[in-house]
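Working notes, beginning with the structure itself.
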Amino acid sequence: MPLVQEITTTLREWFNIWKQLYSGQTEKFRQVTSMMYDLMERRSQLLSGTLPHDELKDLKQEVTMKIDFGNKMLELCLVVRDENGNILDPDKTSVISLFEAHRKATHDITELIREETFQNQSEYSRLSRLASAPTHSLFIWVRNFVCKIGEEAELFMALYDQHEQKIISENYLFRWASTGLPKEIDMLHNLKVVFTDLGNKDLNREKICLVCQIVRVGRMDLKEANVKKLTQGLRRPLGVSAMDITDILKGKAESDEDKHHFIPFQQVAAENDFLHSLIHKAIAAKEVHHKGQGLWVSMKLLSGDLKQIRKDHPHLVDRNTVVARKMGFPEIIMPGDVRNDIYVTLVQGEFDKQNKTTQKNVEVTMCVCDEYGSVIPVRAGDRPVTRYQSVVYYQLRQQRWMETVKVAIPIEDVHKTHLRFTFKHRSSGDSKDKSEKIFAMAYVKLMKLDGTTLRDGEHDLILYKGDSRKLEDPNIYLNQICSRQSDHKLSLSASFRSSSGSHLVCSRDSFQISTLVCSTKLTQNVDLLGLLKWRSNVGFLNENLRKLMKVDGGEIVKFLQDTLDAMFSIMMEFSDIDTYDKLVFDALIFVIGLIADRKFQHFNAVLEAYIKQHFSATLAYKKLLSVLTGYVHTASQGLECEPLKRVFKVLEYVFKFIVRSRCLFSQYVPLCLMESGTTRCSARVWTDPPLPLSPTAECRAILLPMMTTMLKELIERSEEEQDSIELLSNLLEVLYRPNVGNTYENIQDIMDKLLRTVNRMVIILGRDHQLIVSTPHLICFDFLMETFIMFKDLIGKNVYPVDWLVMSMVQNRVFLRAINQYAETLNKMFLNSSSFELQLWNNYFHLAVAFLTQDTLQLENFSNAKRTAILFKYGDIRGTVAASIRDMWYNLGQNKFRFIPSLVGPILEMTLVPETELRKSTIPIFFDMMQCEFQFQGNFRMFEDEIIKRLDHEVEGGRGDEQYKMLFEKIILEHCRKYTTLAKLGESFVALVTGLLERLLDYRNVMNDEKQAYNMSCTVNLLNFYKEIDREEMYIRYLYKLRDLHLSSENYTEAAYTLLLHAKLLKWADAQFSTTMQDMQNSQTQRHQKETLYNTIIDYFDKGKMWEEAIHLCKELSVQYETEIFHYELLSQTLQRQAKFYENIMKVLRLTPEFFAVGYYGQGFPTFLRNKVFIYRGKEYERREDFELQLMMQFPNAEKMKTTSPPGFAYKMQALHFTENPEIIIIQFTFTQRLSHQKGISK
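With the sequence shown counted from 1, adding 22 to any position gets you the numbering used here.
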C-alpha cells in the first residue's frame, strides 16, 4: 500500500530530526513524539485491512494531513496530493495543476497551523472566544490517585450541578489497582477525558463541580480477615472527591493542563452514607480531613465541539482520550449529528427483609434484552458490558444508588428492546453467597406501542417474584405490566396471580429508575413522529402537517434536519399536484419562524448549514414561489392573508431555499457558450464563472486567437492581472490534457503572442523597468537577453517557498531544456567575430552557473530519503549543466580572453560544487584561462589575483574541501607539465593556491568549532600568508578579524598592536585612499585614515593599561598637529590625553603580567600550529599552574616534556613540557615520524 510506504519513509526521516530536537527544543520534541506514535498506530490500522471503506478514506485523510503538518513543522518538503490523498506524479500532471496543488496544500497546512496556534492568545481574547463559542469542552487529566484501600477500586468522574443536585454528564470510569497504580498499566499518565457538549447555559450555572465517586471492589467488610472464605467482587461504597470548578468554567480562574489541582477524598462514615448524598456533604464541607488522600488532576477549558478541539489541541485530545458527553442535547445540533443514547439511572429502592432476620444486602443487576431475552451489551463508563451490577449497601431497607448507565443500541433495534432488572441478596460468606437466588425482577420497554420512546423522568417499576429460574423468562414477564404509571389499572393491595404462568407482584418492595432519551432519530412526541413517518400513512398527511405546528419548538429543533427533509420530500413526491403545497409551505414557515425566535436563535447556523450542505430538493423553488405568489396575490386584492405576515418575518430564509433549489436545478442544465460579436472584452468574462475551452480543434481555432489577443492587450496595459493569469493558466491546463488532439498550432499561437509579453512583465515586476525592442534585426538578441534576465531573477528570487521541492524541480527541468536550446542559438547566431555579443554570452554563463549552484540542486544538503527520491526521479542535473558550460567555454575560441577575469569567480563557484565528476570535468577550464591570458599577456596575474580573492570568499562561505584541494593540484599540475613554458609558473601557482586552500580550510574549521581554542593562531597564520604573497588587501582584512577576536576576549593591548600593523602600512600623506573596510569607510586620505587608526589604538592601549605605548603614539600625533596640519585644537586634546596617561603611570597600580612561550611540535597539530612558537601574555594573577592546566585541557593527550630542548627523535607517545619566563615554555607532541623542528618556528 503506497500510503503505508509513505508513513514508513516519513517516520525514518522524522526520526533523525527527532533525535536532534531532544537537547534543546523540548516542546517540539514532545509534539513530534506524539505525532510519530500516532502515525505508527495509523499504519497498524492500515495494515490490518479490517477498516470499512468510509473509515479507511477518513483515516487516509487524517494520516496525510498529519504527515503534511509534521513536514511543515520540521521544515521538510511539501508533499502535493490529489483529492484522494495520493501523491501527484509531476510527469503526469500539468505545471498549472501542480502549482495549484502546491498552493492549496500550503493554504490547508497554514490554516491547520493557524488553528493550532489560535489557542495561544491573550487572556482577554481567550475569554472573548469562550463567551462567543456556542459549544465548549472541559479537558481533564487525572495525574494521580492516593487512597489506602487494599483492594481494587472503580472511580466514576462526572460534572455535578449543586443547585439542581444532579449529575449532568456521562461518567468517566477508570479502575485503580490495589498496588496504587492504574489497573491497566498502559493508562499510567494517560488517564484523560474530555467532557463535551457544554453550552453557554452550562457554563453559567450557579455552581458546578467536578465529582469523583469511588467504589471499591472486593469483600463486604474490609475489617474481615479470612479472605479465602469471604465473597469477592462486591461493589461497595468508599467515598467521594469533589471540587468547585465554577470559576474555571466561567473563565474567572486559570485553566492550564500543566497546573495540578488536589481534590481531597471524603470517606463514607456509615452504611447509610449514600455516595450521591455524600457529594453534597463533600462540597459543603469547609475542611476535609483527607490525610493526604485524594485526586490530583489538571484541567483546561476548550472552545468548540469535539471535532474542533481535536484539530486545535491534538496534543491533548487524541484518539485515546475518552469522550464523556453531556446527558442531554447540546445547545446546537448541527445537520448530520446523529445521536441515539438512552441514559438509565438506578434511583432508589425499598426492600422488605421477608423471612430474614436482618435487612437484605441488595444488588441490582441491569441488562438490556431483546424480545427473546438475549442480552445486548451496554456502555457503563469505559467499555461495553453485558450486565451492570449496582453498589451493595449493607443491611438497609431503603437504598439510594443514583447510578447512571448509558444504553447505546442501533435505532432499528429500539422497538424490540427492553431493560431487565434483577435483585439478589449478597452474603459476606462465599459459600452462602453462592446459594443465594434472584428474589425479584422488574422490566421496562424502551418504546411504546404508538412508536414513541420511553418518556423522560422517573418510573416506578413493579417488582415481580417467583421461581428464580422463571423470573428471567421474557415469555412470561413481557406480558405483565411493567410500571405503576401504566394506563392499565392494577390493584396492588395484596399479592395475586394475574393469569396462568405469570409472576407474583412484590407489594411491599419498590424500585424507581430515571430515564433520559438523547436521540436525533427517536422522538417522544406522537405528532412529530406522524410527520417523520408520513410514508407509512399518507392518508393522515394533512392532519400530521397541521399537528406539527402545535409541537413544542424544543422538540422540533432536535429533529430539525429530519423535519425539513420530510417536508421537502413531500414536495418532491407530489411535484405534479398542489394538494399539500400550502400545508407544507405553512409548516416550513412555522419551523423557520421557530429558528428566528430569540429562544432558538443559536440554531441559525444550523439552518444555514442545512441549506448549503444537506438541502437537495431541486424542484422545491417552483412550489415555494407558487405558494408565495398566491399569498401575495390574495393580499393585493385586499383580502386577509394571515400566513403572509408570518412569511415576511422569515422571508430571508424562504428566498435562500428558493435560490439554493434553483442553483441545484441549474447544475443539471448544460451550459452553452453564447457566440459573441466582439473580440475586445474582459478576462473576467472567461473566468467568472470559469468557461471551459472546447476540446475540439475547430472550436479552439476560433476562440484561442481571440483569447490570446485579448490577453496580450491586458497584460501590456497591466489591467486585470489576476483574471489574466487565471485565464492563461486555464488555457495551458486544457492544452496539456491528453484527449484534446494536436495542439502544436495552439501552443505556437500562445508563444508568438504571449511569451515575450509575459517575459517583460516578469522583468518589470522584479526590476521595475521595461526593455523596448528597437529594430527587427535585434529581435533574437533582445529576446535572449530578456529571457536570461528573467530566468536569473526567478532563480535568484526563489519564487517558490523552500518546501515546494517538486515545483522547484519541475521548474528546473523546464529551465534546463530552455537553457540548452538557447545555447544552440548562441553557437549558431552569436559566436563568430562579426556577430559576437559579449554581454549576451556573459549573461548566459552567469545564468548557467546560478542555475547550477542554486540551493534546490545541492543534493548533499538534503536528507538521504530526499536525495534518493530526487536522484531517482530527476537525476543530478548539475553534471549536465556543468558539461554544457564547459563546452560553451571551449567554443569561445579567441574570445575567451574577453571573459578574464570576470568569469573566474562564477567558474570557481561551479567547480566548488561537491560532486567529484563535475569537478574533474570543469577544473581544466582554469588551466585554459591561465593559458589564454599567458598567450596574450605573458603571465596570468589577473587570473591569479582573481582566484585568490574569490577563493577566500567562497571557502569562508562554506564551499570547498580537502578533496577539492587535491583534485585542483593534480589536474592543474598535469596540464601545466605538458607545456614547458607554463610548467614552472604553473607549479608555483598550484603551490600558492593549495597553500592558501589549506590555510582557509583550517581557518573555516576553527571558526566553526564551538570551543574556538585556536581562532587567533589560525587567523595569524592566514594573515601572515597573505603578507608573504604580497596581498595587502587580504592581509588587512584578516588583521581586522584578529582585532575583533582580541576585543571579544577583552585583550585590548593585543588589539592595539594588531591595528598598529595596519597603521604602519599607511603614510602621513594626503594621497587619496579607497578601502572596502567598514571601519574606514569615511576615510578619504591616508593621513585621515592613519589618524583615525591612531586614536582607536590609543583607546585600546588605555583600556589595556599600556599607557607608555599610548604616549608614543600621542607624541607622533602631536607632531603632525603642530608642524604639518597646524590643528591646535586637536593638539590641545592630544596633549591633555598624554598628560592623563603620565598621571595614570604614577598613580594607578598595575600588575606585571607573566609571559609564556609555547612551542608546538608534531604531526598531530594543525598546520597553523605545527613546529611554531607563540608568545602568550598571562592574565592578572594567573599562575603558571593555571596556565599549564588550561593548555592541558585543550590537549588532553599531551605529555609535558622534562626538557626545554625540542624533540629530535621519534616518540611513540605524546609529550608536554613547561618552563616559565624568562625561559621558554614548550608544549611538544611527537609521533613516529622524525621532525625537523629547527625550521619554521615563528614567534
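Note that the Cβ used here is the ideal one computed from N, Cα and C, for glycine as well.
Buried versus exposed call for residue i [16 or more other C-beta atoms within 10 Å across all chains shown]
i       : result
Val691  : For Val691, the predicted model reports a pLDDT of 43, less than 50, meaning its position is unreliable; a value from the coordinates is still stated below. That one is exposed.
Met23   : exposed
Tyr394  : exposed
Glu1202 : exposed
Lys1127 : buried
Lys1169 : exposed
Lys375  : exposed
Val352  : What sits at residue 352 in the sequence shown is Pro, not Val. By the 10 Å Cβ count, Pro352 comes out buried.
Lys1194 : buried
Gln1160 : buried
Arg1256 : Unreliable placement is indicated for Arg1256, whose pLDDT of 28 sits below 50; no coordinate value is reported for it.
Val560  : exposed
Glu112  : The sequence shown places Pro at residue 112, not Glu. Result: buried.
Tyr44   : exposed
Sub-8 Å separation of residue i and residue j beta-carbons
i       : j       : result
Thr1041 : Lys1063 : yes
Ser450  : Glu458  : no
Ala618  : Val672  : yes
Ile611  : Phe679  : no
Thr809  : Lys775  : no
Val649  : Leu582  : no
Phe1190 : Asn1027 : no
Asp60   : Lys88   : yes
Leu1081 : Ile1119 : yes
Thr253  : Arg238  : no
Glu1009 : Leu995  : yes
Gln534  : Val369  : yes
Presumed contact (8 Å Cβ cut-off) between residue i and residue j, rounded CB distance
i       : j       : result
Leu934  : Gly982  : 5 Å
Trp1090 : Glu1146 : 7 Å
Leu181  : Leu225  : 11 Å between Cβ atoms; not a contact.
Ala642  : Ser683  : 4 Å
Glu385  : Lys446  : 5 Å
Thr1016 : Lys987  : 6 Å
Leu441  : Val366  : 6 Å
Ile305  : Asp269  : That pair is no contact at about 14 Å.
Asn566  : Asp549  : 7 Å
Phe921  : Asn864  : 7 Å
Asn834  : Thr878  : 7 Å
Spatial neighbours of residue i in its chain, beta-carbon cut-off 6 Å, leaving aside the 5 residues before and after
i      : result
Ser263 : Cys234, Ile285, Phe287, Gly316 and Leu317
Asn501 : none
Phe178 : Asn193, Leu195 and Gln235
Ile460 : Thr444, Lys446, Ser490 and Leu493
Same chain, Cβ closer than 7 Å to residue i, neighbours up to 5 away in sequence not counted
i       : result
Glu595  : none
Thr779  : Lys734, Ile737 and Glu738
Asp183  : Ile190, Arg227 and Ile230
Glu1076 : His1068
Bridge partners - residue i, DSSP secondary structure assignment
i       : result
Ala127  : In DSSP, Ala127 forms no bridge with anything.
His447  : Val384
Lys487  : Leu526
Trp318  : Asn166 and Phe284
Cys1107 : The sequence as given places Thr at residue 1107; Cys does not occur at that position. Note: Thr1107 sits in a beta bridge opposite Gln1094.
Cys231  : Tyr182 and Asp266
His158  : Leu220 and Ser325
Cys540  : Asp363
Ser505  : Leu483
Close beta carbons around residue i, own chain, < 8 Å, minus the five adjacent residues each side
i      : result
Thr32  : Leu61, Ile89, Gly92 and Asn93
Ser505 : Val466, His481, Asp482, Leu483 and Ile484
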